[in-house]
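There are 2 protein chains.
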Amino acid sequence: MKKNGEMAVRRPDDMHLHVRQGELMKVVVPQTAAVFKRAIIMPNILPPVTSAERLERYRERVVAAAGSASGFEPLMTFKIIPGLSPDVVQELKQAGALAGKLYPEGATTNSEDGVSDVQTIYPVLEEMQRNDIVLSIHGEDPDVFSLDREEAFLPTLRQFSRDFPDLRIVLEHLSSAAAVQAVAELPNVWGTITLHHLELTLDDLLGGELQPHYFCKPIVKRPSDRAAIQRAALSGSPKYFFGSDSAPHPVDRKHAPTARAGIFSAPVAYQGLLRFFGEHDALERIEGFTAVYGADFYGVPKNGDELVVRRQDWTAPDEVGGLVPYHAGEVFPYTVIPGWK
Amino acid sequence: MKKNGEMAVRRPDDMHLHVRQGELMKVVVPQTAAVFKRAIIMPNILPPVTSAERLERYRERVVAAAGSASGFEPLMTFKIIPGLSPDVVQELKQAGALAGKLYPEGATTNSEDGVSDVQTIYPVLEEMQRNDIVLSIHGEDPDVFSLDREEAFLPTLRQFSRDFPDLRIVLEHLSSAAAVQAVAELPNVWGTITLHHLELTLDDLLGGELQPHYFCKPIVKRPSDRAAIQRAALSGSPKYFFGSDSAPHPVDRKHAPTARAGIFSAPVAYQGLLRFFGEHDALERIEGFTAVYGADFYGVPKNGDELVVRRQDWTAPDEVGGLVPYHAGEVFPYTVIPGWK
Chain A
124 MKKNGEMAVR
134 RPDDMHLHVR
144 QGELMKVVVP
154 QTAAVFKRAI
164 IMPNILPPVT
174 SAERLERYRE
184 RVVAAAGSAS
194 GFEPLMTFKI
204 IPGLSPDVVQ
214 ELKQAGALAG
224 KLYPEGATTN
234 SEDGVSDVQT
244 IYPVLEEMQR
254 NDIVLSIHGE
264 DPDVFSLDRE
274 EAFLPTLRQF
284 SRDFPDLRIV
294 LEHLSSAAAV
304 QAVAELPNVW
314 GTITLHHLEL
324 TLDDLLGGEL
334 QPHYFCKPIV
344 KRPSDRAAIQ
354 RAALSGSPKY
364 FFGSDSAPHP
374 VDRKHAPTAR
384 AGIFSAPVAY
394 QGLLRFFGEH
404 DALERIEGFT
414 AVYGADFYGV
424 PKNGDELVVR
434 RQDWTAPDEV
444 GGLVPYHAGE
454 VFPYTVIPGW
464 K
Chain B
124 MKKNGEMAVR
134 RPDDMHLHVR
144 QGELMKVVVP
154 QTAAVFKRAI
164 IMPNILPPVT
174 SAERLERYRE
184 RVVAAAGSAS
194 GFEPLMTFKI
204 IPGLSPDVVQ
214 ELKQAGALAG
224 KLYPEGATTN
234 SEDGVSDVQT
244 IYPVLEEMQR
254 NDIVLSIHGE
264 DPDVFSLDRE
274 EAFLPTLRQF
284 SRDFPDLRIV
294 LEHLSSAAAV
304 QAVAELPNVW
314 GTITLHHLEL
324 TLDDLLGGEL
334 QPHYFCKPIV
344 KRPSDRAAIQ
354 RAALSGSPKY
364 FFGSDSAPHP
374 VDRKHAPTAR
384 AGIFSAPVAY
394 QGLLRFFGEH
404 DALERIEGFT
414 AVYGADFYGV
424 PKNGDELVVR
434 RQDWTAPDEV
444 GGLVPYHAGE
454 VFPYTVIPGW
464 K
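The listed protein sequences correspond, in order, to chains A and B. The first sequence lines up with residues 124 to 464 when you count with the working numbering. The second sequence lines up with residues 124 to 464 when you count with the working numbering.
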């Protein structure tokens, strides 16, 4: 931070984002585009992104929702569903897909069509390896106890790493010390880290009253897990980079007899990261975490745009188009000023 | 179960119950009184039960809410708050108090006036020991990680057991294998078990969508913890007996931006226990668990009334006076017919 309390940083990317569809998309995409230059757009919409045509149509809608002034660029993915033909992989690549996303069946929102037997998708993974398309994984085994699901998936991750040594793999939204460790050990595996997994433990979700706005998959875990995730983010290792997993739901699906999993962090994501890195005297490392390691992993150029970060309080919105964001109404110590406008 | 599909059993007691105050009390007390003969009435109302006068007034209101036809009898308790004079203990006993309840500060609903330094209440515990008043404990240390809070309290429980060898102690709503084991080991410690801790694990609360109606303190835990609690309930050991911890909250405090801890199980409690014991081929053990061991512990006569249990489907209510009960709308395999009407 310079003497005048300002700092210029490279405009960040969000390497894991849910933007939904329809009216919801029009509300949430501008929240990301106001700060982030690019985002890896998750394909678990209904119907899922599984063809070049659907990918292109989804991209057009995201671009339209962002508005041209933002300069926002969605980075597209497809969903690996049972029965997906390896033949479509090359076509998806030509349409711009950077990654194929694997959801174990039943692991999270819209994963009822996920994969239950990973052997069945080996031909697709081979084709992805051949075409240098990233394998993005929601790494949970939904058949075991909730807090153990991520760790129970790690043998499958190790199997992928071994069987596809030239496939670049990203384990999304790391939530446990065991997963952080697996990413460190496996040469072709990287990991994304969310703001909320840096900040929360299970105590925040249910230690006092029950907090639906802190409910996500994978579930936030023990203080020792959070500590391992924090160390990874602060380490400066290019193995770990930012993906918000911002996942909005309408209020009537969060404040209800039951609540869906997903934290809508996009409106506060970068401000939250600034606070986190600032509190750890590591502001100089936010650029690598948000604008360098992820770009390098996905093989896209680093952004040219800059943000100005000012040491000045900023208040998160109470609501965004009827949605309640993460940290609604909270005051953050840094204000972000787009440098490209 | 006899040939005709009916079984007569001693009318049960609920040895841990929250009946609240005001209009809420009028809704919830009859739900318990329809099946249970007696209940240990928790004293954590506002202001708490800390004097003979408050105890008598609260009992009168509970009796009025139950209605005379039920024959329901509340068993009264007081709350051990910081600064409570040992002098009031004898007066409380004369007013009919069977137990004093200890809440660590901040452990659950209305525990902001709980005890933070247990040494300060030693004079009260001594007076309780002298007067043969039971010490009832919400056994959680709220300063540690949520899933470890019960186990972290056990050293304090052992200290009480050692320092007050003639004090009869009940550790309420056992939620962990470690607590079940502590009750087994300590000669002057008993444990209550709820229906929901027999049935649920953390997966039920948050493994799929988030379920506020499965949210309680102590939090439901691992399958191995539930298994230990189930074994204790089925064991036929008089150390373990039933206390529902039924804890109603208005719907707008459960389906809200945040949800309060407490499961309103009273309307389905006995039917749920019948299903549980029936599924474990142990129906003959429900009487000890619900109508013998608790009465013996509290030194009250066993109930004379009988229930008739019929093997016939019974559907739990969807709502009770605007409250959503545990297992709302579910079908249970046994119907309970009051034998005393």
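Think of the CB as a built atom: it goes at the ideal place given N, C-alpha and C, for glycine as much as any other residue.
Under 8 Å by beta carbon: chain A residues contacting residue i
i	result
aspartate 326 of chain B	Phe268 and Ser269
alanine 384 of chain B	Glu332 and Leu333
Own chain, CB closer than 8 Å to residue i, minus 5 neighbours either side, in chain order
i	result
proline 440 of chain B	Pro390, Pro448, Ala451 and Gly452
threonine 173 of chain A	Pro166, Phe201, Lys202, Ile204, Leu207 and Val211
asparagine 311 of chain B	Ser284, Phe287, Pro288, Asp289, Leu290, Arg291 and Ile292
tryptophan 463 of chain B	Arg134, Gly194, Asp428 and Glu429
Chain-ordered chain A contacts of residue i [CB-CB under 7 Å]
i	result
threonine 381 of chain B	Glu332, Leu333 and Gln334
histidine 378 of chain B	His378, Ala379 and Pro380
Contact with chain A by residue i, beta-carbon distance below 8 Å
i	result
alanine 275 of chain B	no
Within chain A, partners of residue i - CB distance below 9 Å
i	result
phenylalanine 338 of chain B	Leu329, Glu332 and Leu333
Contact set for residue i: own chain, Cβ-Cβ below 6 Å, skip 5 residues either direction
i	result
leucine 323 of chain B	Tyr337 and Val343
valine 454 of chain A	Asp436 and Thr438
tyrosine 226 of chain A	Ser234, Gly237 and His261
arginine 161 of chain B	Asp136, Glu196 and Leu198
alanine 355 of chain A	Val303 and Tyr363
alanine 156 of chain A	Ala189, Ser193 and Phe195
lysine 377 of chain B	Pro335
Neighbourhood of residue i by C-beta distance below 7 Å, restricted to the same chain and skipping five residues each side
i	result
glutamate 179 of chain A	Ala218
proline 341 of chain B	Glu263, Arg272, Glu273, His296 and Ser298
isoleucine 409 of chain B	Val132, Leu396, Leu397 and Phe400
alanine 384 of chain B	Thr231, Thr232, Phe338, Cys339 and Lys340
glutamine 154 of chain A	Ala389, Pro390 and Val443
asparagine 346 of chain B	Residue identity check: residue 346 of chain B is proline in the sequence provided, not asparagine. Contacts found: Thr324.
leucine 357 of chain B	His403, Ala405 and Arg408
Legend entry - chain A contacts made by the region 340 to 360 of chain B, where a contact means CB separation under 8 Å: The region 340 to 360 of chain B vs chain A, Cβ under 8 Å: Ile342, Arg345 and Pro346.
Inset, instruction - Could you name the residues of the region 285 to 303 of chain A whose beta carbon sits closer than 8 Å to any beta carbon of chain B, in the order they occur along the chain? - result: none
Legend entry - Residue ranges of each alpha helix (DSSP H) within the region 196 to 233 of chain B, 4 or longer: 210 to 217
Inset, instruction - Entirely within the region 135 to 160 of chain A and at least 4 residues each: give me those alpha helix (DSSP H) ranges in chain order. - result: 145 to 156
Legend entry - Ranges of the alpha helix (DSSP H) found wholly within the region 331 to 371 of chain A, counting only runs of at least 4: Taken in chain order, the whole alpha helix (DSSP H) runs of length 4 or more contained in the region 331 to 371 of chain A are 346 to 357.
Legend entry - Secondary structure, alpha helix (DSSP H): runs of 4+ residues fully inside the region 227 to 269 of chain B: 245 to 253
Legend entry - Contained alpha helix (DSSP H) runs [length at least 4] in the region 266 to 324 of chain A, N- to C-terminal order: 272 to 286, 300 to 308 and 318 to 322
Legend entry - alpha helix (DSSP H) runs contained entirely in the region 379 to 429 of chain B, provided each spans 4 or more residues: 392 to 402 and 416 to 421
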